[in-house]
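These notes are about the structure you will find just below.
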Amino acid sequence: MEETTDWISSLSDDVLTTILSFVTTKEAVQTSILSKRWINTWASVPVLKFEYDNYLVDGDTGEDLKFEQFVDGVLQNRTAHLDTVMYDCYFDGTFWEPSTEWLDRVVLLKPRVISVKVKTEKCLEWPDSVFSCATLESLKLFLMHPTDFHFVTPESIALPCLKTLELSGSQLGDNFMQQLFSGCPALESLTLDWCCNFSDISSNVLKNLTLNNGCLLYKILRISCPGLVSLSISSDYYNIGCISLENMVSLENADIKLVGYEQDDFDIPPNPKLVGGLSNATCLVLHLKYYPDLQVKIFSVP
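Residue numbering for the sequence shown follows the UniProt record's numbering, beginning at 1 and increasing consecutively.
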């Protein structure tokens with residue numbers, strides 16, 4: 001019988017770990033049974049992908065504890081030089097409270113990118129270490145709760161390399177916003193989705209700002225970003241009058257989506273400070289989505 005050659009195992013460690021970066025961490029760990037050559041290869045993969053759905057067997061739920069034990073085991077047995085961590089998890093039921101302590105171990109590995117998406121009925125707090133990771137360039141924290149927001153209250157923020165931040169389902173507060181812009185001198189892109197309790201966004205370096213799903217519970221929201229190039233706002237119609245735009249001298253692209261309901265008073269004009277702040281945009285789109293079934297584009301300037 002002709003002897004076959006294992007060409008894949010003969011590849012360099014760098015090539016193998018790059019290949020394993022495209023699969024989930026569970027699948028990468030499973031390669032350890034292939035041969036001695038593969039036993040510890042997974043521990044050097046620069047990208048970790050923890051996906052709860054992928055971890056389940058035949059769609060069986062109730063595996064929360066085992067999933068977290070798997071995450072802990074991977075982090076305790078891997079080498080440094082971590083580039084990216086992606087964590088996507090849905091915790092079923094009201095009795096399990098997922099941990100975020102694993103993020104402390106992630107920060108010690110000095111990642112460049114952290115992306116966390118958690119759906120849970122328990123309120124969570126992010127560890128302070130996440131907001132003081134000197135190597136982070138991109139941070140995405142998505143918390144989904146059926147009825148409430150999660151508080152984000154780090155003692156301090158020191159992210160000197162952070163360029164992209166995306167937050168969802170969080171109560172931020174004005175103190176957080178002040179800490180954010182003072183502690184993230186390189187922040188260029190900010191996305192806030194279902195976030196609330198802040199009244200001011202002021203930055204000289206921010207270039208892209210996205211506010212989705214209302215950004216509720218403020219009496220007035222002042223946005224002052226002289227370096228802002230792109231602005232996207234999706235808001236309830238009754239809430240848009242609270243937004244004031246100032247110093248938008250660099251604005252090029254603006255996309256304003258308003259969602260109206262039967263009880264809204266459409267005779268009330270938008271805040272003049274909102275409309276005036278859009279005057280420098282070279283590409284401007286304003287449109288109204290009216291429930292239940294009407295969507296109208298109000299204004300478009302190419």
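Cβ atoms here follow ideal geometry from the backbone N, Cα and C, with glycine treated the same way.
Model, not experiment: these values are computed from the prediction.
How many angstroms separate the CA atom of Q178 from the CA atom of D128?
Whole-angstrom Cα-Cα distance: 16 Å.
If you follow the alpha helix (DSSP H) that R105 is in, where does it begin and where does it stop?
Looking at the DSSP string, the run of the alpha helix (DSSP H) that includes R105 is 102-108.
What is the DSSP secondary structure of F70, reduced to helix, strand or coil?
Correct three-state label for F70: helix.
Measure the CB-CB distance between C225 and N197 and report whether it falls below 9 Å.
Going by beta carbons, C225 and N197 fall outside the 9 Å limit.
Output the boundary residues of the alpha helix (DSSP H) element that contains N175.
Start and end: 174-183.
Might you give, ordered along the chain, the residues of its own chain that have their beta carbon closer than 6 Å to the beta carbon of V301, omitting 5 neighbours on each side?
Residue placement at V301 is poorly supported in this model, since its pLDDT is 44, which falls under 50; the coordinates still yield a value, given next. Same-chain partners within the cutoff: L284.
Taking only three categories from DSSP, how would you classify E51?
Reduced to three states, the DSSP call for E51 is strand.
Around the Cβ of C89, are there at least 16 other Cβ atoms within 10 angstroms (buried) or fewer (exposed)?
Around the beta carbon of C89, 16 or more other beta carbons lie within 10 angstroms, which makes this residue buried.
Would you mind working out which of I39, W126, T79, I233 sits nearest L108, comparing C-alpha positions?
Comparing Cα-Cα distances from L108 to each of I39, W126, T79, I233, the minimum goes to T79.
Please confirm whether L251 and S232 have their CB atoms less than 9 Å apart.
Against a cut-off of 9 Å, the Cβ pair of S232 and L251 comes out as no contact.
Can you round the beta-carbon distance between T187 and V205 to whole angstroms, since I take them to be within the 8 Å contact cut?
Position check: residue 187 holds Leu in this sequence, whereas Thr was assumed. Going by Cβ atoms, the distance from L187 to V205 rounds to 6 Å, so yes, they are a contact pair.
Buried or exposed for E125, please, with buried defined as at least 16 other CB atoms from any protein chain shown within 10 angstroms of its CB.
With a threshold of 16 other beta carbon atoms within 10 Å, E125 falls short and is exposed.
Inter-residue Cα distance where the pair is S32 and D13:
So the two alpha carbons sit approximately 14 Å from each other.
Would you mind reading off the limits of the alpha helix (DSSP H) that contains T25?
Segment 25-30, the alpha helix (DSSP H) holding T25.
If I'm right that L103 touches V74 with Cβ under 8 Å, what's the distance once you round it to whole angstroms?
V74 and L103 do not touch by the CB rule: their CB atoms are close to 13 Å apart, not below 8 Å.
What three-state label does DSSP hand T41 in the structure shown?
Under the three-state reduction of DSSP output, T41 falls in the helix class.
Buried or exposed: where does A28 fall if 16 or more other Cβ atoms within 10 Å of its Cβ makes it buried?
Buried is the call here.
Given this structure, state the Cα-to-Cα distance separating L180 from G277, to the nearest angstrom.
Rounded to the nearest whole angstrom, the CA to CA distance from L180 to G277 is 23 Å.
Which of the three DSSP states, helix, strand or coil, is assigned to I8?
Assignment of I8 by DSSP, reduced to helix, strand and coil, places it in the coil class.
With DSSP as the reference, identify every bridge partner of K36, one or two as the case may be.
According to DSSP, which records beta bridges pairwise, K36 is partnered with nothing at all.
Starting from I220, trace the alpha helix (DSSP H) in both directions and tell me its first and last residue.
No residue range can be given for I220, since it is assigned to no alpha helix (DSSP H) and is classified by DSSP as neither H nor E.
Checking 9 Å against the spacing of the C-beta atoms, do S132 and P111 come in under that value?
No.
Taking 9 Å as the cut-off, decide whether the C-beta atoms of V152 and S170 are in contact.
Annotated as proximal: V152 and S170, with beta-carbon spacing under 9 Å.
Name the one or two DSSP bridge partners that S250 has.
Paired residues: none, contrary to the question.
Please state whether the Cβ-Cβ distance between L162 and L192 is less than 9 Å.
No Cβ-Cβ contact shorter than 9 Å links L162 with L192.
Which residue's Cα is closest to the Cα of N253: V118, P185, L286?
N253 has its Cα closest to that of L286, out of V118, P185, L286.
Does the Cβ-Cβ distance between L221 and S244 come in under 9 Å?
The answer is yes: Cβ separation under 9 Å.
Look up T17 in the DSSP assignment and say whether it is helix, strand or coil.
For T17, the three-state secondary structure derived from DSSP is helix.
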